[in-house]
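Student: First the structure, then my questions, so here it is.
2 protein chains.
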Amino acid sequence: MKLKLDKIAILGTGLMGGSLGRTLLKNKISKQVVGWGRNIKKLKKALSKKVVTDITLDLKTAVKDADVVLISLPVSIIPEYFKKIYPYLKRKCIVTDMGSVKGKIIKEIKKYDKAAYFIGSHPMVGSEKTGIDNIKDDLYKKGVCIITPDKTTDKTKLEFLKLFWKKVGMQTVLLNPDEHDKYISGISHLPHLLAYLLTLTQEQNIIKRKEIIGRGFLDTTRIAASSEEIWTDIFFDNKNNLLSDIKKYKEKLNEFELLLRKNEKEKIKKLLRKAKFLRGKLQ
Amino acid sequence: MKLKLDKIAILGTGLMGGSLGRTLLKNKISKQVVGWGRNIKKLKKALSKKVVTDITLDLKTAVKDADVVLISLPVSIIPEYFKKIYPYLKRKCIVTDMGSVKGKIIKEIKKYDKAAYFIGSHPMVGSEKTGIDNIKDDLYKKGVCIITPDKTTDKTKLEFLKLFWKKVGMQTVLLNPDEHDKYISGISHLPHLLAYLLTLTQEQNIIKRKEIIGRGFLDTTRIAASSEEIWTDIFFDNKNNLLSDIKKYKEKLNEFELLLRKNEKEKIKKLLRKAKFLRGKLQ
Numbered sequence: 344m345k346l347k348l349d350k351i352a353i354l355g356t357g358l359m360g361g362s363l364g365r366t367l368l369k370n371k372i373s374k375q376v377v378g379w380g381r382n383i384k385k386l387k388k389a390l391s392k393k394v395v396t397d398i399t400l401d402l403k404t405a406v407k408d409a410d411v412v413l414i415s416l417p418v419s420i421i422p423e424y425f426k427k428i429y430p431y432l433k434r435k436c437i438v439t440d441m442g443s444v445k446g447k448i449i450k451e452i453k454k455y456d457k458a459a460y461f462i463g464s465h466p467m468v469g470s471e472k473t474g475i476d477n478i479k480d481d482l483y484k485k486g487v488c489i490i491t492p493d494k495t496t497d498k499t500k501l502e503f504l505k506l507f508w509k510k511v512g513m514q515t516v517l518l519n520p521d522e523h524d525k526y527i528s529g530i531s532h533l534p535h536l537l538a539y540l541l542t543l544t545q546e547q548n549i550i551k552r553k554e555i556i557g558r559g560f561l562d563t564t565r566i567a568a569s570s571e572e573i574w575t576d577i578f579f580d581n582k583n584n585l586l587s588d589i590k591k592y593k594e595k596l597n598e599f600e601l602l603l604r605k606n607e608k609e610k611i612k613k614l615l616r617k618a619k620f621l622r623g624k625l626q
Numbered sequence: 344m345k346l347k348l349d350k351i352a353i354l355g356t357g358l359m360g361g362s363l364g365r366t367l368l369k370n371k372i373s374k375q376v377v378g379w380g381r382n383i384k385k386l387k388k389a390l391s392k393k394v395v396t397d398i399t400l401d402l403k404t405a406v407k408d409a410d411v412v413l414i415s416l417p418v419s420i421i422p423e424y425f426k427k428i429y430p431y432l433k434r435k436c437i438v439t440d441m442g443s444v445k446g447k448i449i450k451e452i453k454k455y456d457k458a459a460y461f462i463g464s465h466p467m468v469g470s471e472k473t474g475i476d477n478i479k480d481d482l483y484k485k486g487v488c489i490i491t492p493d494k495t496t497d498k499t500k501l502e503f504l505k506l507f508w509k510k511v512g513m514q515t516v517l518l519n520p521d522e523h524d525k526y527i528s529g530i531s532h533l534p535h536l537l538a539y540l541l542t543l544t545q546e547q548n549i550i551k552r553k554e555i556i557g558r559g560f561l562d563t564t565r566i567a568a569s570s571e572e573i574w575t576d577i578f579f580d581n582k583n584n585l586l587s588d589i590k591k592y593k594e595k596l597n598e599f600e601l602l603l604r605k606n607e608k609e610k611i612k613k614l615l616r617k618a619k620f621l622r623g624k625l626q
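First to last, the sequence lines map onto chains A and B. Numbered according to the numbering used here, the first sequence spans residues 344 to 626. Numbered according to the numbering used here, the second sequence spans residues 344 to 626.
Right, dumping it as structure tokens:
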């Protein structure tokens, strides 16, 4: 099935929005890709990097007549921007986002979204790097995009959105917003938090003994170089799930600590063997 | 300065020992590289992979007349094997190891090492993969090797060992055994532990929702696929440092949790900014 749209608007042309614009144009999914942002310099850069066909500082101009609007902004301001663009959307428009938390923002959006424009998306790609200077042509290729419909979601729009992400190069998985937030808390938000905290506890070693830091530490903490703005938002938007995952993590840490203190070598070996087995199930 | 030896013995031809043998032969550092192990099948594989020039199941044959003996075995059995080979070593022989913990094994070894043969080494390379099937030609290239001399170490032997690791392709850093264990606990042992525990807490997601697990989780937990035998040994050999690092980590986790509960958004942003800054100092 082909997908040929006339106009897509991308609100926010950073790493995620910019890389997506590039893919949309490369795969000829839309004739026009309009980039909206608050900073004209960054928008001009997006235009010169052929990430969008048009740029504007005006929200109405950006979203008017668009077939799809992609809100690629930090989670805390997605509902506010949805509210701003709502009056200018055409009847069949689909609005989606790229946010890492869904429950809270969708609850907010539902208050205004009488026309059921919005369906949440979470493309599980990204990088600790941000901004237009780090866009990648193949960021979305072979990735997985979680779509989070709920009871009010229009079936035709949902099918269209699935096709949209497939054309971008992604597999799609459907989860309801609350399930999404619960699972993603454990497999993405908790790992980010642990990496940030591990980095903080090693402040002295990073400053004084950089030369002896090896690949294990570097990989384990790669995501600690992620934007503090984006991740503060995410941690607060998914606060309850994260608190519950922190609790479980602390229990595991205490369990291990006790076994170590009591010299329970065989029990620790068994724990590590199980972890190794589980990790081996992933690529 | 050239380094041309007649005979090097490698006890244990797994990933570390095997990859080193390959490098020693490729760089023509020694005419003979003898591999010793407890499993004849694995030894034959090492021979066929041109990792060593000779193989033997007999320790005496392996180490007799050797200029360098490399003990590439799990940390818990290094002192025991040092004791076994001690009677057969020639006067100027240098014995070193590849272990991740130093204080405890060196204390043990000192009890027997009247001739001061032993100087500890810790090449900061490796992989979550183990065994002869995973050896890599360039495992040691551009890596850092920590050497852990103490007051009893002979200066000539130390200079020789520095040269040895340089010829293998590594930078060398000197630390005393106790400093080594303290720093490495934080930058290697704690990260391994956190990765193992993170994997364990996500058991259900790994089994049921593998398809939505992204790059962040994979990188953060890569080292959780490491050998449970090797890492149980390491955690116990460096128990006190690890317990103290676990304590510090729990304090950071508690600090974050409290800030999240109290909605201290700016304070959390500041913490994450600091972590991002620190992580940015590493490659």
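Yeah, the Cβ is synthetic: ideal placement off N, Cα and C, and Gly gets one too. Given the structure is predicted, the values throughout are model-derived calculations rather than measurements.
1) For Ser-362/A, collect the residues of the same chain with a Cβ closer than 6 angstroms to its Cβ; drop the 5 residues on either side in sequence, then sort them by chain order.
2) Using a Cβ cut-off of 8 angstroms, which residues of the stretch 572–587 of chain A contact any Cβ in chain D, in chain order?
3) Looking at the C-beta of Asp-476/B, does it have a partner C-beta in chain A at a distance below 9 angstroms?
4) Give the list of continuous beta strand (DSSP E) stretches no shorter than 3 residues that lie fully inside the stretch 450–535 of chain B.
5) Is it the case that the Cβ atoms of His-523/A and Gly-446/A are separated by a distance below 9 angstroms?
6) Expressed to the nearest angstrom, what Euclidean distance is found between the alpha-carbon atoms of Leu-346/A and Asp-410/A?
7) Lys-582/B lies in the beta strand (DSSP E); which residues open and close that run?
8) Under 9 angstroms between beta-carbons, which chain B residues line up against Ile-530/A? List them in chain order, please.
9) Please tell me whether Leu-625/A has its Cβ less than 9 angstroms away from any Cβ of chain B.
10) Per DSSP, what are the beta-bridge partners of Thr-439/B in this structure?
11) Would you grab the beta carbon distance between Ser-415/B and Gly-463/B for me? Rounded to a whole angstrom, and I think it's under 8 angstroms.
12) Can you tell me the Cα-Cα spacing of Glu-600/B and Arg-604/A, whole angstroms?
13) Please return the same chain residues whose Cβ sits closer than 6 angstroms to the Cβ of Leu-390/A, not counting the five positions on each side in sequence.
14) Judging by CA-CA distance, which residue of Met-467/A, Gly-474/A, Lys-433/A is the nearest neighbour of Tyr-460/A?
15) Put Gly-355/A into one of helix, strand or coil per three-state DSSP.
16) Looking at C-alpha atoms only, which residue of Leu-348/A, Ile-437/A, Trp-379/A is the closest neighbour of Ile-457/A?
17) At what residues does the alpha helix (DSSP H) containing Thr-396/A begin and finish?
18) Quick check: what's the CA-CA separation for Ile-489/B versus Leu-506/B?
19) Given this structure, state the Cα-to-Cα distance separating Glu-502/A from Lys-427/A, to the nearest angstrom.
20) Check this for me: beta carbons of Lys-485/A and Gly-529/A, under 9 angstroms apart or not?
21) Chain B partners of Pro-430/A, CB-CB under 8 angstroms?
22) For Asp-476/B, does the count of other Cβ atoms within 10 angstroms reach 16, so buried, or fall short, so exposed?
Tutor: So, to answer that:
1) Same-chain partners within the cutoff: Ile-478, Lys-479, Leu-482.
2) The structure shown contains no chain D; the protein chains it does contain are A and B.
3) Taking Cβ atoms only, chain A never reaches closer than 9 angstroms to Asp-476/B, which makes this a no.
4) Listed in chain order, they are 463–466, 487–491, 514–517.
5) In this structure, His-523/A sits near Gly-446/A, with a CB-CB distance shorter than 9 angstroms.
6) Rounded to whole angstroms, Leu-346/A to Asp-410/A spans 11 angstroms at the Cα level.
7) Per DSSP, Lys-582/B belongs to no beta strand (DSSP E); it is in the alpha helix (DSSP H), 582–604.
8) What Ile-530/A touches in chain B: Gln-545, Asn-548, Ile-549, Arg-552, Ile-555, Ile-556, Gly-557, Gly-559, Phe-560.
9) Residue contact with chain B for Leu-625/A: present (Cβ-Cβ distance below 9 angstroms to some residue of chain B).
10) Residue pairing for Thr-439/B: DSSP places it in a beta bridge opposite Leu-413/B.
11) That pair is no contact at about 13 angstroms.
12) Approximately 25 angstroms, taken between the alpha carbons.
13) Only Ile-398 meet the Cβ criterion.
14) Looking at the Cα atoms, Lys-433/A is the closest of the given residues.
15) Residue state, collapsed to three classes: coil.
16) It should be noted that the sequence gives Lys, not Ile, for residue 457/A. Ranked by Cα distance from Lys-457/A, the first of Leu-348/A, Ile-437/A, Trp-379/A is Ile-437/A.
17) For Thr-396/A, no alpha helix (DSSP H) encloses it, and the DSSP letter there is neither H nor E.
18) Each residue's Cα considered, the two are about 13 angstroms apart.
19) Taking the straight line joining both Cα atoms gives about 26 angstroms.
20) No. Outside cutoff.
21) Within chain B, no residue comes near Pro-430/A; the closest Cβ sits about 30 angstroms away, beyond 8 angstroms.
22) Asp-476/B counts as exposed, since fewer than 16 other C-beta atoms from the protein chains shown sit within 10 angstroms of its C-beta.
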